Amino acid sequence: MVVLLGARRIGWVGGLAALLIATLLLGLATSAPRDEYELKAAFVLNFASLVHWPDSALQEATTLDVAVMADTDPYALIERALDGRSAGGHLVRSRRAVSLDQLGGAHIVFVTRASGVDAADVVSATRGKSVLLIGESRDFARQGGTINFYTEHRRVRFEVNPEAAKEAGLRISSRLLSVARILEN
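Just so we're aligned: the sequence shown equals residues 0 to 184 in numbering that gives the first Met the number 0.
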């Protein structure tokens, strides 16, 4: 009976995650920057649940650290949406990073358009570390980022660079890959 309850719970959690991803992808259009960043923060939280880090990257971490390279306004929205939530069994904590030097210890780096930071510089600063790099600028994923947001028909979409994930030692869930545009090398 305990095993059956555990299986039901796992199925329920997986179904809920799939439903949330489908809702985000199919029904929400961006109408204002506030809504856009709240939506992107929800995506980031889901990405954190659907990406597997190597044991060495999360060995002693009780929190999943998200460094956000953003101006004050978008950061406040993102922080409010992420902090205190849970993803993959870890408490999520966000912090604002205004320079590449402040990315140390981050498991996820979200680079907003307004940060003015070049994707290649972020990739270089995190090379050799298991960091999920998320951006929202043209060609972010093509320049070595893992996931990039883009807008299509007024809807937020995302693309995944599997090669960048592999180089960072990250495994991306097939469920996440099935709803993303995949970049081919």
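For glycine and all other residues, C-beta sits at the position ideal for the given N, C-alpha and C.
In this text, all values refer to a predicted model and were calculated from it rather than measured experimentally.
What separation, rounded to the nearest whole angstrom, lies between the Cα atoms of phenylalanine 148 and glutamate 59?
-> 30 angstroms
Return yes when the C-beta of aspartate 117 is under 8 angstroms from any heavy atom of the ligand GDP, and no when it is not.
-> For the ligand GDP, the structure offers nothing, since it holds no ligand at all.
Is valine 155 close to chain D, meaning its C-beta is less than 9 angstroms from at least one C-beta of that chain?
-> No chain D appears in this structure, which consists of one protein chain only.
Backbone CA spacing between serine 123 and alanine 105 [nearest angstrom] = 14 angstroms
Local conformation of glutamate 183 per DSSP, three classes | coil
Using DSSP with H/G/I as helix, E/B as strand and the rest coil, what is threonine 62?
-> strand
Mark isoleucine 77 as exposed unless 16 or more other C-beta atoms lie within 10 angstroms of its C-beta, in which case mark it buried.
-> buried
Is it true that the stretch 131-143 meets the stretch 99-118, where meeting means three or more beta-carbon pairs spaced less than 8 angstroms apart?
-> yes
Span separating the alpha-carbon of glycine 83 from that of valine 121 = 26 angstroms
Output the distance between the C-alpha atoms of alanine 56 and glycine 127, rounded to the nearest integer angstrom.
-> 11 angstroms
Whose CA, out of Val67, Ala118, Ala167 and Asp117, lies closest to the CA of arginine 94?
-> Val67
Residue from Thr71, Gly103, Val116 and Ser98 with nearest C-alpha to aspartate 64 | Gly103
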